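Read the structure below first, then the notes.
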Amino acid sequence: MTLPLFGQCDKVVSSVEDPGPAQMTGSELPADVKDIDWFFPANYTRLVSFSGTPGNKASHEGVDYVHDDTTKERVYIHTVAVGEVVYVREGCPESSQFKHNNYNRECGAGWGNHVVVKHGSVLTRYAHLKKNSIVVKVGDQLYAEQIVGEMGNSGRSEVRHLHFELGTKRDMFDPCGMSQNFDYVYNPNKLNYNQRTGIDDELAEDTAKVVVYNDPHHEIIKVKMPTSHSLGQIISIELYDASGRKLEELNKLDSNGYGELQIPYSSGSQLIICRIITEKISFSKKIVS
Ligand SMILES: [Zn+2]
Numbered sequence: 000m001t002l003p004l005f006g007q008c009d010k011v012v013s014s015v016e017d018p019g020p021a022q023m024t025g026s027e028l029p030a031d032v033k034d035i036d037w038f039f040p041a042n043y044t045r046l047v048s049f050s051g052t053p054g055n056k057a058s059h060e061g062v063d064y065v066h067d068d069t070t071k072e073r074v075y076i077h078t079v080a081v082g083e084v085v086y087v088r089e090g091c092p093e094s095s096q097f098k099h100n101n102y103n104r105e106c107g108a109g110w111g112n113h114v115v116v117k118h119g120s121v122l123t124r125y126a127h128l129k130k131n132s133i134v135v136k137v138g139d140q141l142y143a144e145q146i147v148g149e150m151g152n153s154g155r156s157e158v159r160h161l162h163f164e165l166g167t168k169r170d171m172f173d174p175c176g177m178s179q180n181f182d183y184v185y186n187p188n189k190l191n192y193n194q195r196t197g198i199d200d201e202l203a204e205d206t207a208k209v210v211v212y213n214d215p216h217h218e219i220i221k222v223k224m225p226t227s228h229s230l231g232q233i234i235s236i237e238l239y240d241a242s243g244r245k246l247e248e249l250n251k252l253d254s255n256g257y258g259e260l261q262i263p264y265s266s267g268s269q270l271i272i273c274r275i276i277t278e279k280i281s282f283s284k285k286i287v288s
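See below:
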């Protein structure tokens, strides 16, 4: 058997039980946190707060966002800021979405299937994801609110929820290694989340239609929002390139609920991120034009 070399894994797939974490509670968040735009990771029906005293091992190392509404089949997990995926763990089973998980509860060190993303000097961890739902891999550059997977009940979990951690680590994550601790964890509620965010994935998917039209000189992105919808008034529609550079912004729709943005034509496909901000929510859609 050949072991993978450091840096060559885009994820680790393993259903074994790893040693549990020991993460200390940090005191001050790193200074660059205030320069980053933070967005909310998921919809939820109730939450369980972070718990820990600076300098001691945290007793609850993150915030749990529980979604126990059985009528919602999927709850998407979004990255909270622009960042790079540094670790992906898959392969942990779950026995059911809405009751005590009976299978391999210490798989992924209790975190189950999880993703770690680096944003400047801080890291975020998205834990207990649904098996086979993770859609990102190590090395991916993510835009804010990009979907990383679906909320699940893998690992040490009693009900479908996201355990969301904010932390720092002196050493790099080994992308080929088993589950790894942060050195310090912080209360994620200390982040200054973007005011308008509160994602309703299903509503967003049903409501906004984003279409790309090509003509010889421009690619035209058309956004259609019904004039009567429950998301509130449109505040802006913004287009970004894959590196996060803003290309265009539109601040109102026409009376039929259409908005139209033009981007310079480039031959070959390019990734465009369309962010739609309304009074009630903001969400992003990925467009390949
Ligand atoms: Zn938790």
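Going by numbering that gives the first Met the number 0, the first residue of the sequence shown is number 0, and it counts up by one from there.
Even for Gly, the Cβ is constructed at its ideal location relative to N, Cα and C.
In this text, all values refer to a predicted model and were calculated from it rather than measured experimentally.
Cβ pair residue i, residue j closer than 9 angstroms
i: P29; j: Y125; result: no
i: G87; j: V135; result: The amino acid at residue 87 is misidentified as Gly; the sequence shows Val. Cβ distance < 9 angstroms, so V87 and V135 count as in contact.
i: L128; j: V114; result: yes
i: A21; j: N180; result: yes
Heavy atom of ligand 1 within 8 angstroms of residue i beta-carbon
i: V74; result: no
i: E93; result: no
i: V184; result: no
i: A126; result: yes
i: H66; result: no
i: H59; result: yes
i: H162; result: yes
i: V79; result: no
i: D240; result: no
i: D63; result: yes
i: V114; result: no
i: V11; result: no
i: V158; result: no
Among the options, the one whose alpha carbon lies nearest that of residue i
i: Y43; options: V15, G109, N131, F163; result: F163
i: G19; options: Q7, G107, K71; result: G107
i: L122; options: I133, V184, D63; result: V184
i: H99; options: K117, E157, R274; result: E157
i: D34; options: Y257, Y192, M171; result: Y192
i: V84; options: V137, A57, Y64, G111; result: V137
Residue i burial status per 10 Å Cβ neighbour count (16 or more: buried)
i: F97; result: exposed
i: K245; result: exposed
i: Q194; result: For Q194, the predicted structure reports a pLDDT of 48, less than 50, and the residue's modelled location is therefore unreliable. A value from the coordinates is still provided. The residue in question, Q194, is exposed, as its Cβ has fewer than 16 Cβ neighbours within 10 Å.
i: G166; result: buried
i: I271; result: buried
i: I198; result: Confidence at I198 is low in this model, with a pLDDT of 46, below 50, so its placement is unreliable and the value that follows should be read with caution. Answer is buried; the Cβ neighbour count reaches 16.
i: D205; result: Here D205 scores only 47 on pLDDT, less than 50, and its place in the model should not be relied on; the value that follows carries that caveat. Result: exposed.
Checklist entry - Of all the beta strand (DSSP E) runs that stay within the bounds of the region 51 to 135, which reach a length of 3 or more residues? => result 62 to 65, 75 to 77, 82 to 89, 112 to 118, 121 to 128
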